[in-house]
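K.L.:
One structure, pasted below without further comment.
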Amino acid sequence: MIFSRFFRRRTPPTPQLESGLRRSRQGIFRQIVQLFERNQVDEELFEDLEALLIQADLGVATTEALLERLRERVRRGEVRDPVEAREALRDEMVALLESAMRNRRVKIYQRGVPFVSLVVGVNGTGKTTTIAKLARYHLDQGRSVLLVAADTFRAAAIDQLKAWGERLGVPVIAHAPGADPGAVVFDGMQAAHNRGIDVLLIDTAGRLHTKSNLMAELAKIRRVIQRHVPEAPHEVLLVIDATTGQNGLNQARVFTEAAGVTDIALTKLDGTAKGGIAFAIARELGIPIAYVGTGEKPTDFAEFDPEAYVDALFFGDEED
Amino acid sequence: MFEALTDRLTEVFQRIGRKGRLTEQDVDEALREVRRALLEADVHYTVVRDFIAAVRERAVGEEVLRSLTPAQQVIAIVHQELVRVLGTERVPLQWASQPPTVLMLVGLQGSGKTTQVAKLGYHLRKEGRRPLLVAADIYRPAAVEQLRTLGRQHDLPVYDEGTKANPVDIVKRAVKLARDQGYNPVIIDTAGRLQIDEPMMEELERIKEAVRPTEILLVADAMTGQEAVNVAREFHRRLDLTGLILTKMDGDARGGAALSIRAVVGVPIKFIGTGERVDALEPFYPDRLATRILGMGDIQSLIEKARQEISEEEGKKLQEKMLAGAFDLEDFLRQLQQVKKMGPLTQLLEMIPGMSQLLRQQQVQISDDEYKRVEAIILSMTPEERRNPDIINYSRRRRIAQGSGTTVAEVSQLLTQFKQMQRMMAELGQLAGGRGRGALRGLLGGGNPFGGLTGLDGMPSLGGLPTRPTPAPHPARHTKKKKKKRR
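In the order they appear, the protein sequences are chains A and B. The first sequence maps to residues 0 to 319 in numbering that gives the first Met the number 0. The second sequence maps to residues 0 to 486 in numbering that gives the first Met the number 0.
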C-alpha cells in the first residue's frame, strides 16, 4: 500500500492485497517518471502536468494556480530542466497544504473535560469507519473513549457503530432509530462527564449539504454540545472520500458554515483515487487535513503529513 | 465561483462580436470555456479531450441560425453532443426468459448500493413484481441488518444468512428459493469494494458465475471525480456491466462522472437516485443530465413536476383571477399547498439555474419552515377574512397571531405583502387587457406555481431574482410546446 512507508501502520497488509495495489501504483508512477524524462521545460510538459493534476481531482482553478507559480519560477530562471520543475511543483504542492495546516487548532486534551469530536459529512464517505479508527487512535494514546450514535436516520447505522464499539471495547451511547440526534448527543455529553471520559466521538447521519433542514440539525447538535462544554466541539471533522470530485468544495463550504468544520479526514486513499480535492479545499477555504484513512481496518489510519502525501501520490520514490 | 456556461460564452462572443458563420477562432475560444465547464463538472480529462474534438469538428463552419446567438448555437451543439454520448433513449431493465431475473448491484463502498437495492425492490413491486432482496454483504458491520430493516420498513422480503455464510452460497440459495416460491426478480446487494481489491473482485466473479445475473448494475455516486473512469473500466473488465445507477443526484454535484462512465464503458444509465427515501428512484433522461452537466439547471424536471401537480384548467382559472385582481388569500393558500405537494421547496429551487448558488450564498432565504408559518397564519383566519383581508383589524390580527403561534407584526407583514402582490397583479392584468395578453400569459406560465410566492415574507420576489437566462438548446421543440399551451 502506498501509504505503508510513510504513515505509521500497525498491521502489515496481506500479501495478496499488496500485489493488487502495487499494479495500479506502478501505473501512476511510470506515467510520472516519463513525464520528467524529457529534455526541456516546454509547453508540452505543462500540458502533461495539467493532465496529471486534473486527473487527480485538484480542479481547474487549483491546477492553474499551481502551474502559474511554476511558470513564474521558470521565468525567473529558478527552474531550468524537468527535474527542477518536478522539485518545484512538489514544493508548491506541499506549501499549499502546509499553509492550510497553519490553521490547525492545537488539540488539547484536558483531564475532567471531554475532548469532543463531531464527525460530519455527506452519505457514504466513511464517517462510521473513521470514528472506529479515531477511537482506536485515541485508545492507543491512552485516552478513554465514548462513542455517540447520533445517526438515528440510516437503517442499522446504530448497529454498525455498536458493532465497532464491541470490537474495540468502547462504550456506545445510543437511542432508538428515529430518535432526536440532539437528545442522543445530550445524553452522550452527560455520560462523558459522569464517567470522566477523555474523548467523545459523535457519529452523525450522512447528509447532503444541499438539505438546509439537515444542516440546521447540525447547528443544533453544536448548541447542545456547547451547553455542556462552551469551548466544544474541539474538533469538527468533515469526512471526505478520496474519490470525491469538485463537489467536495461545495461540501466543505456548506458544512463549514453550518457546523464550523475544523479539519478534514480524507478517506479511501487505498484505491487509485488521489483525493486532490483536498488541495482545492486547502487553497480556497484554508481547511487543513488532519487524518487519512487507507483501508477498512481501524489501524488503516494516520495523522496527515503533507510531504509524505504529495510524495506518495504524485511523485513516488526512487526505489519504485 | 462557478459562472453559468451561457454567461461565459455570451461574453466570449460579445468580445468577438460577429454573426454569420462560426469560424475556427470563434469555436476554439468558445470551446475553451466548454472544456472548463466540463472539467469542473468532473468529466474525465481524456473524455473531455475527445468530446471537445468531436464538437469542434461539428461546429466549425456551421451557419449561425438566425434565431440564435453564436453562444446559443455552440451550446446547442454541445448539448446535442452530450445527449448523444449519454444515450439518446431510455433502456429499460432486461428480464430473463426463464424466471427469476437476477439483478446484481456492485460498486465502491459508500456509493449507495444497499439503499438502491431497497429502492429497486420498492419500485419493481409497484410495477406488480414480487422482488426478493438478498443480503450478500457480509463484511461491512451491520450491512445485513440495514437491508433487513429496510425490508421490514417497506414490507419487502429479504433473504439473508447472517454474516457467517459465504456470499456465493447465500446467493445460490436465494435464487433457488426464489425459483421455488415464485419471487421475481432477485436483487442482490454485494459488499462495497475497491476495483483493485483482487480477492473481493474475484468474489464478484464467482457470484456472477454461480447465478448468471440478467443485469449487473454499477452503482456510482454522482459526486465522484476523475476516478469514476478507473472504477467503471475495471468493474466492466471483470464483470461485463449491463447498466449504471447514478446516486445522490439530489445534491448539487453536476454529475460529470456519468458522462465519463458512458464514454468509457458504454453501458446505459438505467436509473438515478434522488434521495434517501425508498421512493427516490427515477428513470434517467439524458437531456436533463446534459443540461445539468453544463451547469444550466434542470428546468425541465421542474416543469414536469409542476405539470404533475397542477392541472391545466385549474391553472387557467387561477390566472384569470390573478389578472382580474380577484386573487384572495384562499387562492394563495391553495397555491401554497400545491407547491408543497411538489416536494421540499429548497429542492425545487435548486432546479432553477443559478438558484442553487444563491441559496448557498444565502442571498435567498427560503426554508420550508417559512412556508409552514405562512400557512399557519392563513389557516388561523376565518374564510371570510381570507376572502376579504381588508376586514382584518387589530383585534383580529391578535387572534390570528395567537392561533398561529406568530406575532401580530408577522401577521401584519404578511397582509401588507399580500396586498402589494394583489395590486401588482391587477396592474399586470390591466396591462394585459389591451394587447398581447397571450404573451403575458406565456410570461406567467400556465398556472405558474411560483407566481403565488412573489413577495412571501422574507423572500425576495422570485421574478426579480437575477436568475440566468436559459438558452433554448432545442428551439424547435420549445416553440411547439408553447403553441400547445396557448390553444
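The beta carbon of each residue, even a glycine, is placed where N, CA and C say it ideally should be.
1) Which same chain residues, not among the five before or five after B/Glu208, have their C-beta less than 8 angstroms away from its C-beta?
2) Against B/Arg35, what residues of chain A qualify as contacts under a CB-to-CB distance less than 8 angstroms, listed in chain order?
3) Identify each residue in the region 220 to 247 of chain A for which the Cβ-Cβ distance to at least one residue of chain B is less than 7 angstroms, and report them in chain order.
4) A/Phe152 and A/Ala231: beta carbons closer than 7 angstroms?
5) Where in the region 83 to 159 of chain A do unbroken runs of the beta strand (DSSP E), each at least 3 residues long, occur, reported from the N-terminal end onward?
6) For B/Thr415, which of B/Ser394, B/Asp389, B/Arg395 has the nearest alpha-carbon?
7) According to the neighbour-count rule (16 or more other Cβ atoms, all chains shown, within 10 Å of its Cβ), is B/Met334 buried or exposed?
8) Give a yes or no on whether 7 angstroms exceeds the smallest Cβ distance from A/Asp179 to chain B.
9) Give the secondary structure of B/Ala177 by DSSP, where H, G and I count as helix, E and B as strand, and everything else as coil.
10) So with Cβ pairs under 7 angstroms, would you call B/Asn165 a contact of chain A?
11) Can you say whether A/Ile107 is buried or exposed, counting buried as having 16 or more other CB atoms within 10 angstroms of its CB?
12) Pick from A/Leu96, A/Asn122, A/Leu66, A/Pro180: whose alpha carbon is nearest that of A/Asp240?
13) Less than 8 angstroms between the CB atoms is what I'm expecting for A/Leu48 and A/Leu88, so what's the real figure, rounded?
14) Closer than 7 angstroms by beta-carbon distance: list the chain B residues that pair up with A/Gln324, in chain order.
15) Note down, in chain order, every chain A residue with its Cβ under 8 angstroms from the Cβ of B/Thr148.
16) Spatial neighbours of A/His192 within its chain, please: CB distance less than 8 angstroms, with the 5 preceding and 5 following residues excluded, ordered by chain position.
17) Any Cβ of chain B within less than 7 angstroms of the Cβ of A/Leu265?
18) Going by beta-carbon coordinates alone, are B/Phe234 and B/Gln180 separated by less than 7 angstroms?
19) Check the Cβ of B/Glu28 against every Cβ in chain A and list those closer than 9 angstroms, keeping chain order.
20) Look up A/Phe300 in the DSSP assignment and give the residues it is bridged to.
21) How about B/Gly106 and B/Lys112: are their beta carbons less than 7 angstroms apart?
22) By the DSSP assignment, the beta strand (DSSP E) with B/Pro282 in it spans what residues?
23) When the distance is taken between beta carbons, is B/Arg34 closer than 7 angstroms to B/Val26?
24) Counting C-beta neighbours from all protein chains within 10 Å, is the total for B/Glu144 16 or more, i.e. buried, or is it exposed?
25) Identify the residues that DSSP records as bridge partners of A/Asp202: which are they?
26) Is B/Gly150 helix, strand or coil when you go by DSSP?
27) Could you check the C-alpha separation between B/Ser110 and B/Leu243 for me, to the nearest Å?
28) Measuring only the C-alpha atoms, how far is B/Phe326 from B/Gln401?
29) So is A/Ala311 buried or exposed if we call it buried at 16+ other beta carbons inside 10 Å?
30) Quick check: what's the CA-CA separation for B/Gln421 versus B/Val373?
31) So which of B/Arg147, B/Val133, B/Val11 has the shortest CA-CA distance to B/Ile187?
32) For B/Asp327, which of helix, strand or coil comes out of DSSP?
33) Please say whether A/Val171 and A/Leu207 have beta carbons closer to each other than 7 angstroms?
34) For A/Arg282, name the three-state secondary structure that DSSP assigns.
35) In the structure shown, what three-state DSSP assignment does B/Tyr158 receive?
36) Got a sec? Which residues, its chain only, sit under 8 angstroms from B/Val84 by beta carbon, not counting five neighbours each side?
P.N.:
Walking through what the data contain:
1) none
2) Val59
3) Asp240, Thr242, Thr243, Gly244, Gln245, Asn246
4) no
5) 114 to 119, 144 to 149
6) B/Asp389
7) With the sequence shown as reference, residue 334 of chain B is identified as Gln, and Met is not the correct amino acid for it. Burial call: buried.
8) no
9) helix
10) B/Asn165 is outside the set of residues whose beta carbon lies under 7 angstroms from a beta carbon in chain A.
11) Burial call: exposed.
12) A/Asn122
13) Under the criterion of beta carbons closer than 8 angstroms, A/Leu48 and A/Leu88 qualify as touching, at roughly 7 angstroms.
14) With chain A covering 0 to 319 only, the question about residue 324 of chain A has no answer from this structure.
15) What B/Thr148 touches in chain A, judged by beta-carbon distance under 8 angstroms, is Ala154, Ala155, Pro176, going in chain order.
16) Pro113, His227
17) no
18) no
19) Going along chain A, no residue has its Cβ under 9 angstroms from B/Glu28, so there is no contact; the nearest lies around 17 angstroms.
20) A/Gly292
21) yes
22) 280 to 282
23) no
24) buried
25) A/Val118, A/Ala148
26) In the structure shown, B/Gly150 sits in a helix (DSSP, three-state: H, G or I).
27) Each residue's alpha carbon lies about 12 angstroms from the other.
28) 26 angstroms
29) buried
30) 16 angstroms
31) B/Val133
32) Taken through DSSP and simplified to helix, strand or coil, B/Asp327 comes out as coil.
33) No. Outside cutoff.
34) helix
35) strand
36) Phe50, Leu258, Arg261, Ala262
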